[in-house]
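These notes are about the structure you will find just below.
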């Protein structure tokens with residue numbers, strides 16, 4: 001890496017201004033969410049997401065359906081080696097659970113066995129899924145924060161951004177900075193592998209994810225979202241109240 005002189009440290013206000021120089025992404029606020037238990041993926045998902053649909057999973061690193069036996073059977077030899085030789089055993093286990101869960105949910109969509117889904121790692125952490133039953137584009141992204149694994153699948157180009165609240169960052173400006181950073185990460189990930197010189201740049205949109213604890217999650221997508229299928233996410237209280245009232 002070429003060495004350059006370190007610039008003078010900017011004042012906090014200047015840092016915030018430069019971070020928000022790019023126009024903010026429009027937020028998706030009108031897409032209805034449907035919440036399911038993790039175990040209901042098999043009975044609810046039978047085909048790849050339709051246009052305008054996003055499927056999301058929030059999975060703990062001790063997800064019981066991704067047992068040691070399943071991880072051993074569903075992962076490729078390279079993936080098993082990557083999980084086994086990771087310098088941090090907990091993170092290696094988390095990667096194995098994430099990859100096994102990804103194959104599990106994709107197998108529900110494609111009506112095949114988990115090990116029959118091809119998941120290839122490309123540069124810049126891009127994941128490419130191939131299978132004879134995949135027609136058209138099927139975009140996948142996986143992100144991590146602590147014990148949590150977030151999986152997103154859609155027919156549109158997508159990218160997950162996740163940030164963690166820092167100590168004492170509780171005011172509205174700090175939360176906005178977290179969201180902006182998560183959206184920036186998601187947009188960068190969504191642009192991975194994008195062909196250069198496209199006739200028209202995509203119109204990116206941002207979907208806020210209701211993450212647990214002090215985690216901020218944003219899914220960036222290049223098409224409008226009409227419906228969200230969410231597995232493993234805690235149902236908001238207002239959603240439960242409206243369901244009871246109906």
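In UniProt numbering, the protein residues as written are 1 to 246. From the three backbone atoms N, C-alpha and C, an ideal C-beta is built for every residue, glycine too. Since we're looking at a predicted model, the values are computed, not measured.
| So what's residue 122 in DSSP terms, helix, strand or just coil? | Strand, per DSSP.
| request: Tell me whether the beta-carbon of residue 142 lies closer than 7 Å to the beta-carbon of residue 58. | output: Contact flag unset, no.
| query | Among 137, 216, 145, 176, which has the Cα closest to the Cα of residue 158? | reply | Measuring from the Cα of residue 158, the nearest candidate turns out to be 137.
| Cβ-Cβ separation, residue 219 to residue 152 (assumed contact under 8 Å), whole Å | The beta-carbon separation of residue 152 and residue 219, rounded to 6 Å, stays under the 8 Å limit for a contact.
| query | Taking the alpha-carbon positions, what's the residue 226 to residue 155 distance? | reply | Taking the straight line from one Cα to the other gives about 12 Å.
| field | Chain-order list of residues whose beta-carbon lies under 8 Å from that of residue 46 (same chain, five-residue window excluded) | value | The residues are 108, 109, 111.
| message | Spatial neighbours of residue 232 within its chain, please: C-beta separation below 7 Å, excluding the five flanking residues on both sides. | response | The residues are 38, 57, 58, 59.
| Between the C-alpha atoms of residue 249 and residue 86, what's the straight-line distance to the nearest angstrom? | Residue 249 is absent from the model: the chain starts at 1 and stops at 246.
| request: Give every residue of the same chain whose Cβ lies closer than 8 Å to the Cβ of residue 89, excluding the five residues on either side of it in the sequence, and list them in chain order. | output: If we look at residue 89 and ignore the five residues flanking it on each side, it has no Cβ neighbours.
| Are the CB atoms of residue 61 and residue 185 nearer to each other than 7 Å? | The beta carbons of residue 61 and residue 185 sit no closer together than 7 Å.
| query | Per DSSP, what kind of secondary structure is residue 77 in: helix, strand or coil? | reply | In this structure, residue 77 counts as helix in the three-state DSSP scheme.
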